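Residue numbers for the sequence shown follow the numbering used here, beginning at 236 and rising by one. Ideal Cβ placement from N, Cα and C applies to all residues, glycine included. All values derive from a computational prediction rather than experimental measurement. Working notes for the structure below.
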Amino acid sequence: MVRLPFLSSTRSVPDAAKVPRHIAIIMDGNGRWARKRLMPRVAGHVKGVESLKEVIRHCLDRGVEYLTVFAFSSENWRRPQEEVSFLMQLFMKSLRAEIERMHRSNIRLRVIGDVERFDKPLIELIEESETLTANNTALNFTVAANYGGRWDIMNAMQKFMADHPGVTTGLTEDALEPYLSMHFGPEPDLFIRTGGETRISNFLLWQLAYSELYFTEKLWPEFGRDALDEAILSYQQRERRFGRTSEQVAAGADSSTDHA
Ligand code: IPE
Ligand code: IPE
Ligand code: MG
Numbered sequence: 236m237v238r239l240p241f242l243s244s245t246r247s248v249p250d251a252a253k254v255p256r257h258i259a260i261i262m263d264g265n266g267r268w269a270r271k272r273l274m275p276r277v278a279g280h281v282k283g284v285e286s287l288k289e290v291i292r293h294c295l296d297r298g299v300e301y302l303t304v305f306a307f308s309s310e311n312w313r314r315p316q317e318e319v320s321f322l323m324q325l326f327m328k329s330l331r332a333e334i335e336r337m338h339r340s341n342i343r344l345r346v347i348g349d350v351e352r353f354d355k356p357l358i359e360l361i362e363e364s365e366t367l368t369a370n371n372t373a374l375n376f377t378v379a380a381n382y383g384g385r386w387d388i389m390n391a392m393q394k395f396m397a398d399h400p401g402v403t404t405g406l407t408e409d410a411l412e413p414y415l416s417m418h419f420g421p422e423p424d425l426f427i428r429t430g431g432e433t434r435i436s437n438f439l440l441w442q443l444a445y446s447e448l449y450f451t452e453k454l455w456p457e458f459g460r461d462a463l464d465e466a467i468l469s470y471q472q473r474e475r476r477f478g479r480t481s482e483q484v485a486a487g488a489d490s491s492t493d494h495a
């Protein structure tokens with residue numbers, strides 16, 4: 236397996252003054268946005284798609300390389316059946332409507348998560364969309380659908396074991412990383428959750444180890460270009476230390492000074 240140099244940002248310190256290379260978002264608060272307007276919850280999901288389109292465009296404009304959004308968690312199956320099937324239809328409809336435009340904008344789409352559980356037409360549409368955009372380079376846009384951070388780690392373990400039958404020792408982080416669903420990109424620099432809750436809800440558990448966390452009360456359907464800029468600005472004011480001291484960071488210490 237070829238090792239990509241940028242795999243773990245816990246080893247090389249990205250410059251926080253820059254625009255984050257990878258932004259991961261929990262798009263939360265759709266239901267509450269709709270309820271506040273006396274509309275059915277699903278109206279919030281429809282409006283949420285508009286926010287996502289604006290955020291994708293703005294990531295392109297700002298030169299963000301990776302955008303990963305949580306669209307449906309492995310726990311969201313617990314919702315009322317009508318809401319779940321509405322979300323599936325909306326995913327399909329939006330993907331069908333937007334994929335050509337995304338392709339023309341040089342966006343590469345990936346879906347991470349246990350998609351096998353989806354209906355066949357949706358699985359096929361995902362595969363077609365991924366194939367169509369496979370050579371695009373402007374933005375790596377990833378949708379986490381039927382995704383769970385614990386599932387991701389367990390899935391990686393199982394794949395590793397299948398590839399290395401009988402191996403009982405020597406499983407390292409480096410050995411496991413290529414099997415994780417975000418193996419193709421750097422870990423998120425900036426994590427954003429809208430909707431006021433301050434939890435991870437089983438999103439990218441492994442990959443968020445050293446991400447800068449940003450929580451906002453803004454509900455996802457209200458989130459857009461300016462709100463994203465605010466989050467990026469907050470990120471740019473942070474000092475990322477990755478276990479080192481402030482002085483070391485100021486002196487430009489990197490992995491070569493690690494004693495571990
Ligand atoms: C996030 O909004 C969208 C999904 C989980 C699919 P919610 O539907 O969770 O909205 P709230 O949190 O109930 O307001
Ligand atoms: C997290 O939001 C999942 C998505 C945004 C897809 P939830 O609304 O499902 O999270 P909890 O249940 O409040 O933690
Ligand atoms: Mg929610």
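Check: residue i C-beta below 7 Å from any heavy atom of ligand 1
| i | result |
| --- | --- |
| A306 | yes |
| W455 | yes |
Beta-carbon contacts of residue i that lie in its chain and below 7 Å, excluding the five residues immediately before and after
| i | result |
| --- | --- |
| E289 | G459, R460 |
| P275 | A269 |
| I361 | V346, V350 |
| Q472 | none |
| H418 | E412 |
| S491 | Bear in mind that the predicted position of S491 carries a pLDDT of just 49, short of 50, making it too unreliable to give a figure here. |
Pair within 8 Å by beta-carbon distance, residue i and residue j
| i | j | result |
| --- | --- | --- |
| R343 | F376 | yes |
| S309 | N381 | yes |
| V378 | A306 | yes |
| L440 | I388 | yes |
| G420 | H280 | no |
| E359 | R345 | no |
| W455 | S286 | yes |
| P255 | L448 | no |
| V304 | W312 | no |
| M337 | T368 | yes |
Any C-beta of chain D under 8 Å from that of residue i
| i | result |
| --- | --- |
| D354 | In the structure shown, chain D cannot be found, because there is only a single protein chain. |
Check: residue i C-beta below 7 Å from any heavy atom of ligand 3
| i | result |
| --- | --- |
| G431 | no |
| P298 | Per the sequence shown, residue 298 should be read as Gly rather than Pro. No. |
| G266 | yes |
Contact test: residue i Cβ vs ligand 2 heavy atom, cutoff 7 Å
| i | result |
| --- | --- |
| N375 | no |
| D263 | yes |
| N381 | no |
| S416 | no |
| E465 | no |
| E452 | no |
Sequence-distant residues of the same chain with beta carbon closer than 6 Å to residue i, five excluded per side
| i | result |
| --- | --- |
| Y414 | A391, K394, F395 |
| K453 | T429, A462 |
DSSP bridge partner residues for residue i (one or two, in chain order)
| i | result |
| --- | --- |
| V378 | V304, V346 |
| F450 | R428 |
| H257 | Y301 |
Would you call the region 416-434 and the region 260-268 touching, i.e. three or more CB-CB distances under 8 Å?
yes
With a cut-off of 8 Å, do at least 3 Cβ pairs link the region 351-366 to the region 288-303?
no
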